[in-house]
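Novice: Throughout the sequence shown, residue numbering follows our numbering, covering 3 to 476 in sequence. Every residue gets a Cβ at the ideal spot worked out from N, C-alpha and C, and that includes glycine. Just dropping this structure here.
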Amino acid sequence: MERPLWQPDPERAEATQIMRLARERGFDGPDAVRRLWEWSVTDRAAFWADLWDRFEVRASRRAHTVLENGDAMPGARWFLGAELNFAENLLRRDGEEPAILFHGEDGRSAELSWSALRHKVAALAAAMKAEGIGVGDRVAAFMPNIPETVIGMLAASSLGAVWSSCSPEFGVSAVLDRFGQIEPVLLLAVDGYRYNGKAIDVREKVAAIAEGLPGLRRTLVHRFLDPFADLAAIPGAVPFEDFLVNDPPPLAFTPVPFDHPLYILYSSGTTGKPKAIVHGVGGTLLQHMKEHRLHTDIRPGQKLFYFTTCGWMMWNWLVSALASEATIVLYDGSPFHPSPAVLWDMAERERLEYFGTGAKYIDAIKKAGLKPRETHDLSALRAVLSTGSPLLPESFDYVYADIKRDLHLASISGGTDIVSCFVLGNPAGPVWRGEIQMRGLGMAVEVFDEEGRPVRGRKGELVCTKPFPSMPVG
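Written as structure tokens, this is what we have:
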């Protein structure tokens, strides 16, 4: 008889946030989480309203109606009347504990406390406001995965502005195909970055991008590669640090409706020009908090790392963990330089609880013969998350044989179009070889055959049959 690769002990399972919610709703026995899911897709308004209160969403005005026109896809409307601010919910914590930890492939590192992060966001937001940036304006970023990128997003969203980012390995035409559609008023960029041991100067690309965006008022350039980099050739360029307000007023948050635009992401562009996908403030916040707290069991003060760039939706997903008062860990550079173990060196040094990556990375380190379980102290590690492509059954075996035996392995799958997951982990349940554990709470996910009928145990199309809050708003 086949056995699961991992099963949490009863005490750990009962202590998870997802199981506690199931018990509170009156679901007992071993199928409590399945019954919780059934309730979450049957009484969707009650489920999402419960999460709003459970997660203590900060809002200047509560909703008068949780769900209107609830059977329409598209057309359903969530939390009508609610007004909130995304950045306010991510900056709910203060103090000297770390909010952001950063590591680069060249060995540089940085730490930002919650109070330091709030101060830097206030300094940038005040400067943006003085520049006339406000509700609905688009702020674009051509940035690596560094703290300044997070600061930029939080400052923009604190003002009710809309954030969109590409990573600096993108070519000029690829960036303009994206940013050209949204008419940004401000561009954040770097002078260059490092990858695989090489210094890559992107000032010429930044200049060409700035020239190709006629509505741009300013280009803020963070001198990430060279602190003395000449920025004269970049139209409207201002050094990032010079733009900040030195003694900013206390950070204020502009309240916006639940479905106010927060992020603009893009389709891959494989069938023509990339299509802009707009995601709303409230849906993104609630969905990510659900996935972090209930499906991953992240707690305040724990450290979440995801290997990502700013051009992938997992960057947006990672940053939202601040709303659960977690410490987010950023890495910029190659995951194989200066050695294939560089990310595990970081995991050991920072005592990571949650390590996220793409399925192809796990396959690559398996083929490279890495055995972190033998070479690194991963005693703090509670979960490995994998996405981007299906995690092979052999990779499941590898994780438990060569990374850690007592570990929650969560293969998760979603997409840019929902900036979240359709199917993902259950920290209270078993992990079976080659299988994703469960459908997301509140996500009425099925597999349909070619005739549009639900099927079990064979291939089909993954569909979601009922509305949920993180559907695109534009």
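So the alpha helix (DSSP H) Ala176 belongs to, where does it begin and stop?
Specialist: Per DSSP, Ala176 belongs to the alpha helix (DSSP H) from Val174 to Phe181.
Novice: Is the CB-CB distance between Gly313 and Ser169 below 8 Å?
Specialist: Cβ distance < 8 Å, so Gly313 and Ser169 count as in contact.
Novice: For the alpha helix (DSSP H) containing Ala128, list its first residue and its last residue.
Specialist: Run containing Ala128: Trp116 to Ala132, per the alpha helix (DSSP H) assignment.
Novice: Does the stretch 95–115 come close enough to the stretch 126–137 that 3 or more CB-CB pairs lie under 8 Å?
Specialist: Touching, no, given that fewer than three Cβ pairs across the two stretches are closer than 8 Å.
Novice: Give me the Cβ distance between Pro395 and Arg435, rounded to the nearest whole Å; I'm assuming they're in contact under 8 Å.
Specialist: Sure, about 5 Å apart at Cβ, within 8 Å.
Novice: Short check: CB of Lys292 to CB of Leu387, under 8 Å?
Specialist: No, they are not a contact pair.
Novice: Please say whether Arg95 and Glu327 have beta carbons closer to each other than 8 Å?
Specialist: For Glu327 and Arg95, yes; Cβs fall inside 8 Å.
Novice: Taking the CB atoms as reference points, tell me whether Pro342 and Ala370 lie closer together than 8 Å.
Specialist: Cβ atoms of Pro342 and Ala370: closer than 8 Å.
Novice: What is the C-beta distance between Ala84 and Gly284, in whole angstroms, given that I count them as a contact (C-beta under 8 Å)?
Specialist: About 6 Å; that satisfies the 8 Å criterion.
Novice: Once you ignore the five residues that flank Pro432 on each side, which residues in its own chain have a CB closer than 6 Å to its CB?
Specialist: Within the same chain, Pro432 has close Cβ partners Pro6 and Gln9.
Novice: What's the call for Pro149, buried or exposed, on a 16-neighbour Cβ count within 10 Å?
Specialist: Answer is buried; the Cβ neighbour count reaches 16.
Novice: Quick check: the stretch 175–186 against the stretch 145–162, are there 3 or more CB pairs under 8 Å?
Specialist: No, because fewer than three Cβ pairs between the stretch 175–186 and the stretch 145–162 fall closer than 8 Å, the two stretches do not touch.
Novice: Between the alpha carbons of Val123 and His297, how many angstroms are there, rounded?
Specialist: Between Val123 and His297, the C-alpha separation is close to 29 Å.
Novice: Per the contact definition of three or more C-beta pairs closer than 8 Å, is the stretch 194–212 in contact with the stretch 171–182?
Specialist: Counting Cβ pairs under 8 Å, three or more are found: they touch.
Novice: Do Ala128 and Pro250 have their CB atoms nearer than 8 Å?
Specialist: Yes.
Novice: From Glu26 to Phe357, what distance separates their C-alpha atoms?
Specialist: Near 29 Å, if we compare the C-alpha coordinates of Phe357 and Glu26.
Novice: Using the beta-carbon count (16 or more within 10 Å), is Pro32 buried or exposed?
Specialist: Under this definition Pro32 is an exposed residue.
Novice: For Thr67, count neighbouring Cβ atoms within 10 angstroms of its own Cβ and tell me buried if that reaches 16, exposed if not.
Specialist: Exposed, by the Cβ-count rule.
Novice: Pick helix, strand or coil for Asp108, following the three-state DSSP scheme.
Specialist: Of the three classes helix, strand and coil, the one that applies to Asp108 here is coil, per DSSP.
Novice: Would you call the stretch 439–457 and the stretch 38–46 in contact, with 3 or more CB pairs under 8 Å?
Specialist: The stretch 439–457 vs the stretch 38–46: in contact.
Novice: What does the alpha-carbon distance come out to for the pair Asp228 and Ile236?
Specialist: So the alpha carbons of these two residues sit roughly 15 Å apart.
Novice: So Ala209 is in the alpha helix (DSSP H); what residue range does that whole segment cover?
Specialist: Note, Ala209: alpha helix (DSSP H), Arg205 to Glu213.
Novice: Rounded to the nearest angstrom, what separates Met473 and Asp419 at their Cα positions?
Specialist: Distance between the alpha carbons of Met473 and Asp419: 7 Å.
Novice: Which value, in whole angstroms, describes the spacing of the CA atoms of Pro392 and Ala234?
Specialist: The straight-line gap from Cα to Cα measures roughly 46 Å.
Novice: Shortest alpha-carbon distance to Leu288 belongs to which of Asp30, Glu376 and Glu58?
Specialist: Ranking Asp30, Glu376 and Glu58 by Cα distance to Leu288 puts Glu58 first.
Novice: Indicate whether Ile20 and Pro429 have their beta-carbon atoms separated by less than 8 Å.
Specialist: Contact flag set, yes.
Novice: Contact check, Phe477 vs Asp193 under 8 Å by CB: the rounded distance?
Specialist: Outside the displayed range of the chain (3 to 476) lies residue 477, so it cannot be described from this structure.
Novice: On the CB-based measure, 16 or more other CB atoms within 10 Å of its CB, does Ala403 come out buried or exposed?
Specialist: Ala403 comes out exposed.
Novice: Quick one: Cα of Gly476 to Cα of Thr310, how far?
Specialist: Near 25 Å, if we compare the C-alpha coordinates of Thr310 and Gly476.
Novice: First and last residue of the beta strand (DSSP E) that includes Gly417?
Specialist: Start and end: Ser415 to Gly417.
Novice: Cutting at 8 Å between CB atoms, please list the residues of its own chain near Tyr265, excluding the five before and the five after it.
Specialist: Around Tyr265: Val164, Trp165, Ser166, Val280, His281, Thr286, Asn318 and Val421.
Novice: Tell me the DSSP bridge mates of Gly360?
Specialist: DSSP output for Gly360 lists Thr389 as bridge partner(s).
Novice: Starting from the Cα of Ala325, find the closest Cα among Phe49, Ala89 and Pro337 and give me that residue.
Specialist: Selected option, being the one with the closest Cα: Ala89.
Novice: What separation, rounded to the nearest whole angstrom, lies between the Cα atoms of Glu99 and Asp232?
Specialist: Looking at the two C-alpha atoms, the distance is approximately 35 Å.
Novice: Taking only runs of the alpha helix (DSSP H) that begin and end inside the stretch 290–358, which ones reach a length of at least 4 residues, in chain order?
Specialist: 315–321 and 344–352, all fully within the stretch 290–358.
Novice: Provide the residue(s) that pair with Glu85 in DSSP beta bridges, ordered along the chain.
Specialist: For Glu85, which the question treats as bridged, DSSP gives the partners Arg63 and Pro259.
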